[in-house]
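Here the structure comes first, spelled out in structure tokens, and everything after it is commentary.
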Amino acid sequence: MIANEAVEKIVGAIKGVAGLRPATPVSPETTWLPVDWEGMAVDLTPEVVQIRLIASRLPIPPLLDLAVAAVRPVLTGTEWEKARLRLVVTDLDGAAFA
122 MIANEAVEKI
132 VGAIKGVAGL
142 RPATPVSPET
152 TWLPVDWEGM
162 AVDLTPEVVQ
172 IRLIASRLPI
182 PPLLDLAVAA
192 VRPVLTGTEW
202 EKARLRLVVT
212 DLDGAAFA
């Protein structure tokens, strides 16, 4: 599996976890650019797979457990299979307090 494909599958797995989404550096005036904004939330190295996230639900620890359970199978059989998974919650959406 190539890195771009892995990132796409990781983002898809994260999007399947209610209460989490990839943290993207998008501002409203740049949404027209043809860039994989969600993919920018994922960094792949042989040692660490880091995913930056925004949480929209609380509590956060159970959400991260669900994210690990969703992402680990995506990495099975790839060069990142043994990499440490680092999930970084960079922001908390106001919806978490509703």
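In our numbering, each residue carries its 1-based index in the sequence shown increased by 121.
Using N, Cα and C, we set each Cβ at its ideal position, and we do this for glycine too.
By alpha-carbon positions, which one of Ile123, Ala191, Glu126, Pro146 ends up nearest to Ile208? As a position in the sequence shown, residue 208 is number 87, starting the count at 1. Rather than Ile, the amino acid found at residue 208 in this sequence is Leu. When only C-alpha atoms are compared, the closest one is Ala191.
Here's the rule: buried if 16 or more other CB atoms are within 10 angstroms of the residue's CB, otherwise exposed. What is Val169? As a working note, residue 169 is residue 48 in the sequence shown. Exposed.
Is Ala176 helix, strand or coil by DSSP? Sequence index remark: in the sequence shown, residue 176 carries index 55 (1-based). Reduced to three states, the DSSP call for Ala176 is strand.
Helix, strand or coil for Asp236? Go by DSSP, reduced to three states. Any property of residue 236 remains undetermined from this structure, which presents the chain solely from 122 to 219.
Taking all protein chains shown into account, do 16 or more other C-beta atoms lie within 10 angstroms of the C-beta of Glu159, making it buried, or fewer, making it exposed? As a position in the sequence shown, residue 159 is number 38, starting the count at 1. Buried, since its Cβ has 16 or more Cβ neighbours within 10 Å.
Within 10 angstroms of its Cβ, does Leu141 collect 16 or more other Cβ (buried), or is it exposed? Position 20 of the sequence shown, counted from the start, is the residue given in the question as residue 141. Counting Cβ neighbours within 10 Å, Leu141 comes out buried, since at least 16 surround it.
Can you grab the Cα-Cα spacing for the pair Ser177 / Gly198, in whole Å? As a first step, residue 177 is located in the sequence shown; it is residue number 56 there, counting from the start. As a first step, residue 198 is located in the sequence shown; it is residue number 77 there, counting from the start. Computed Cα separation, rounded: 31 angstroms.
For the candidate residues Leu213, Val210, Val195, whose alpha-carbon lies nearest to that of Val128? Residue 128 sits at position 7 when you count from the first residue of the sequence shown. Comparing Cα-Cα distances from Val128 to each of Leu213, Val210, Val195, the minimum goes to Val195.
Go ahead and pull the three-state DSSP assignment for Pro194. In the sequence shown, the residue the question calls residue 194 occupies position 73. Three-state result, Pro194: helix.
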